[in-house]
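Accompanying notes for the structure given below.
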Amino acid sequence: MFHKKSILLLNIMVSFTFLMAQTQKGKATFYSKRSTGARTASGERVHHDSMTCAHRTYPFGTLLRVTNPRNKKDVIVKVTDRGPFVRGRIIDLSYGAAKELDIIGQGVAMVTVQRIDSADIIRVPYRSKDKREFPELEFGISSGKDSFIDAWTRQQSINASKTKSQLTKQRNQSAIEDKKKQKQPSNTKIKKK
């Protein structure tokens, strides 16, 4: 019985490996630029110029060669997300990868997807081939300078100080008015005995 189970398991593993190695053909879409900063299913953040993709079955970190059969352009992307969950589509590309394949104008395009081993390539660019440099995003404890949150907090503090001084002036003004009302002579007379 144990022997049959191990043969069955081995057969399933070989079949699964074969399926993962084969080339897929289907429709590809891409993330919009507005998705920059969002977290993927793997926990990484999306950047529109990164060479990443979403695939339903490949493990996170898998490298895929995506080819546009119309112009024979190809890119190597890393799986960082799950999807697409639309029938007939096999991969969601980052905006940068879609731009390299020239499928931005089409929206949805036919592509071929092939898994590659990291030994087959020398270097995978994480960003597109543009010469522009992008700042690395760091999320940590604020230094207290030049931070949007800090600037907002300072502005709120200034607004709070102004409001406090205005309320103090109004309170003092109303107190002065109350004292003036008290000092005015009244029409009541005090009888002397």
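Per mature numbering (1 follows the signal peptide of the UniProt record, and there is no 0): the sequence shown = residues -21 to -1, 1 to 172.
Built from N, CA and C at the ideal position, the CB exists for glycine as well.
Model, not experiment: these values are computed from the prediction.
- Its chain contains V25 as the residues whose beta carbon lies nearer than 6 Å to that of A17, once the 5 sequence neighbours on both sides are disregarded; these appear in chain order.
- Beyond the five residues adjoining it in sequence on each side, Q93 comes within less than 6 Å, by CB distance, of T2, R44 in the same chain, given in chain order.
- The beta-carbon distance between R68 and K6, rounded to whole angstroms, is 5 Å. This is short enough to meet the 8 Å contact definition.
- Residue state for N47 is assigned as strand, using DSSP reduced to three classes.
- Under the 10 Å beta carbon count, D71 is surrounded by 16 or more other beta carbons and is classified as buried.
- The beta carbon of K4 sits closer than 6 Å to the beta carbons of T91 from its chain, once the five residues preceding and following it are set aside; these are given in chain order.
- DSSP, reduced to helix, strand and coil, places A20 outside both helices and strands of the structure shown, so it counts as coil.
- Distances from the CA of P63 to each of F9, L80, K(-17), N151 were compared; the closest alpha carbon is that of F9.
- Rounded to whole angstroms, Q85 and V56 show a C-alpha spacing of 20 Å.
- DSSP, reduced to helix, strand and coil, places Q85 outside both helices and strands of the structure shown, so it counts as coil.
- Within a 10 Å sphere around the beta-carbon of D96 sit fewer than 16 other beta-carbons, which makes this residue exposed.
- The beta-bridge partner set that DSSP reports for F39 is empty.
- Taking C-alpha positions only, Y37 is separated from K(-18) by approximately 28 Å.
- Taking a C-beta distance under 7 Å as the contact criterion, H27 and T15 qualify as a contact pair.
- Contact check for R66 against A33 fails: the beta carbons are separated by 7 Å or more.
- According to the DSSP secondary-structure assignment, L72 is paired through a beta bridge with F9, C32.
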